[in-house]
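Inspection log for the structure reproduced underneath, given as structure tokens.
Right under this line is the structure:
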């Protein structure tokens, strides 16, 4: 996908129209920054700004993270450029009443996958063409059939270890954690005004970057996203010390998928697995 | 670690520390009945009463391990019997998923138990505690888990 | 200092030096590669673990002297109600030799040295610094994110290093000794390196293509605490701490007590001005209410407050903040924008 391709042209036109009509106060999209590998966000406020927008395979980020922010809300209705994977996060924000559908204009992009080399998640993507957007730009992409096992590959590799091996593995991973909270801050679904780590009466999760604190933090992060995470992979992508957070998210997604038939982010009308229950849920593992 | 220290009463045998979160309406009453019925059960279990198994935040489990627990048990009403109609149904989904997470991270799932014990099941409570205590003894001290302070929890606390 | 400050070392010198130090019981810290391809400074037990394939180590040098978390004191309530307080023992006294950090990271030690010996002499930091001899490797291939030159550094900068090593393609090296500590190390290494001929030229300094003028930037910062620029410049920042935690000069910390029942410990942990909670008051008021105020603080601290107080910019141009940022926030672009206004 080229930055000067048809997707970019259509995107600029749509954004300029929305902004000049006053339909939105801002369009959140991707921009080109010299020759950087990562297309950084652009916040277009008027039709001229819209010319800075691009869509190409450097557009890795999930811009849904900006929708709940007060700075963005203050600009009025927001247009946001979403790939299929990003749209799943928007669906959860809608489902959880964080944003209202009428407050956002969803500019979807057909996407064949991003990153050089292509991100792992793109090989198991089944939302190359986002559905339910207000407009969609770019060339439609063929939707290959996704191998379910491939989708959970990272988790399966770790699952294949013994419990002792897993402990050694994760202990060495969490030992690296520097508690920068990049995983949390970049996650569109980590929108809590005050994270549990920041609550100190009592201090549930130690803030120190020792193993105990970092285990607690990573467990809490993973569990708060269980049944909500859409697998956009941003947490793992931004981790400055390379902790494979995606594997944990995969594991928990698979658990709620296998146990409750739930796949987060497919629509804004789903009921999340921890907000509902069934008398027929399995009792396996309960004494 | 305090596990290695001799007990106050002169016993030098190590005993596991088991933290049990019991719902007020069923499991706590079941444990009470066990006592009233003079059903014996091993002493290493420390009971914490909570209104409902649904009240048990997974962080309670994690904090218990941090503060020196060798095993954690959460027990509530049988499905269908919850005093609040559905607390234990929520607990079931939440705690089983939590155990999946712990297991995936290499935190031994045998150290985190979930059970249903009704107010009438004094006998079940007694045999359950005997069973899990035996298992905890066999598993030994949970030394791998990073504890809150290097010395472990004071028994006198 | 003696006249002779340039030494010639044959290929394989690093292995000989590290093995000699290790057998003397000296702690050696050197670049080690991880499975995921990152390279970080870590204690090594043999010279075989060392890698030389890196632009810079992933995490900054400051970790060795100002660890991310450390125990300051331990406390315990006694049976009589008194609180028994034990200072955590001082860091180990044995020598440590650090190989392989880059000139930008050693220049950052100047910044940290000033702060930690400012109104309070930070004993722990000082002791760790004193026991360490720093053998930096001059930079041969800076990347587009590197910008040491505009902030007063150089790929060949010797600021903060005891010995600076210029490695040649054939593995041999010129060692430039900059401090008495460095001299002592060279004496100890003896045969590993011999005095270089006076005409031994240093390699050419690689180019750094990024340019800006910190003084010009400071002039603008002096007048623009309140400016809409900050809201725009920080809009993409999601407020994590990766730039500050990977920054070799950022030095803010938090002090927390952790404990249970009757005992616990007081720890010093890194903290970050990017976090909302960094300035949150107990009342709920937050004098830096938004990311704009927080980002402004980061730029102001590095390019205005620190120069005013200590006479140098608190940025060494290592480029980690640019590389690490998950959303593409780019300090250099922001500085360029400031220069243009």
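Protein chains in written order, with this note's numbering: chain R, 4 to 290; chain C, 41 to 197; chain E, 27 to 367.
Backbone N, C-alpha and C fix where the C-beta goes; we use that ideal spot for every residue, glycine too.
If you draw a straight line from the Cα of residue 304 of chain E to the Cα of residue 63 of chain C, it is about 39 Å long. Per the DSSP secondary-structure output, residue 33 of chain R pairs in a beta bridge with R/44, R/57.
Close partners of residue 188 of chain C in chain R (Cβ separation under 9 Å): 209, 215. When the beta-carbon positions are compared, residue 234 of chain R and residue 252 of chain R come within less than 9 Å of each other. Here residue 188 of chain E is near residue 211 of chain E, since their CB atoms are less than 9 Å apart. Per the C-alpha coordinates, the member of C/187, C/186, C/182, C/188 positioned closest to residue 110 of chain C is C/182. Legend: CB atoms of the stretch 55–79 of chain E lying less than 7 Å from CB atoms of chain R belong to residues 62, 64. Beta bridge pairing from DSSP links residue 54 of chain E with E/123.
Counting C-beta pairs with one atom in each stretch, the stretch 239–251 of chain E and the stretch 49–66 of chain R have fewer than three that are closer than 8 Å, which means they do not touch. Annotation for residue 252 of chain R: the continuous alpha helix (DSSP H) segment containing it runs 248–263. Residue environment analysis places residue 195 of chain R among the exposed positions, since fewer than 16 neighbouring C-beta atoms fall within 10 angstroms of its C-beta. With respect to the C-alpha of residue 337 of chain E, the residue from E/182, E/192, E/112, E/137 having the closest C-alpha is E/137. Taking 9 Å as the CB threshold, residue 96 of chain E stays off the interface with chain C.
Residue 255 of chain R is positioned such that its CB atom lies closer than 9 Å to that of residue 137 of chain C. Near chain C, meaning a CB-to-CB distance below 9 Å, the residues of the stretch 269–297 of chain E are 284, 285, 286, 287, 288, 289, 290, 291. For residue 243 of chain E, there is no enclosing beta strand (DSSP E); the enclosing alpha helix (DSSP H) has its first and last residue at 240–249. Residue 290 of chain E carries a strand assignment under DSSP once its states are collapsed to helix, strand and coil. Residue contact check for residue 353 of chain E against chain R: a CB pair falls below 9 Å. In the three-state scheme derived from DSSP, where H, G and I count as helix and E and B as strand, residue 153 of chain C is classed as strand. Taking C-alpha positions only, residue 168 of chain R is separated from residue 65 of chain R by approximately 33 Å. When C/173, C/134, C/172, C/53 are compared, the shortest CA-CA separation from residue 285 of chain R is found for C/134. Between the alpha carbons of residue 85 of chain R and residue 254 of chain E lies a distance of about 28 Å.
The stretch 100–110 of chain R and the stretch 232–246 of chain R do not touch, with fewer than 3 CB-CB distances between them shorter than 8 Å. Counting along the chain, the unbroken alpha helix (DSSP H) around residue 24 of chain R starts and ends at 9–24. Within the stretch 115–190 of chain E, the runs of alpha helix (DSSP H) that reach at least 4 residues and sit entirely inside it are, in chain order, 129–142, 149–157. In the DSSP annotation of this structure, the continuous segment of the alpha helix (DSSP H) that includes residue 359 of chain E starts and ends at 357–366. Within the same chain, Cβ atoms closer than 8 Å to the Cβ of residue 104 of chain E are found at 110, the five residues on either side in sequence being excluded. Close partners of residue 74 of chain R in chain E (Cβ separation under 9 Å): 257, 260, 261, 316, 317, 318. Closest by C-alpha distance to residue 260 of chain E, out of E/203, E/54, E/351, E/108, is E/351.
Taking C-beta atoms as the reference points, residue 46 of chain R and residue 258 of chain E count as a pair closer than 9 Å. Taking the Cβ atoms as the reference, residue 102 of chain C lies roughly 15 Å from residue 153 of chain C, outside the contact range of under 8 Å.
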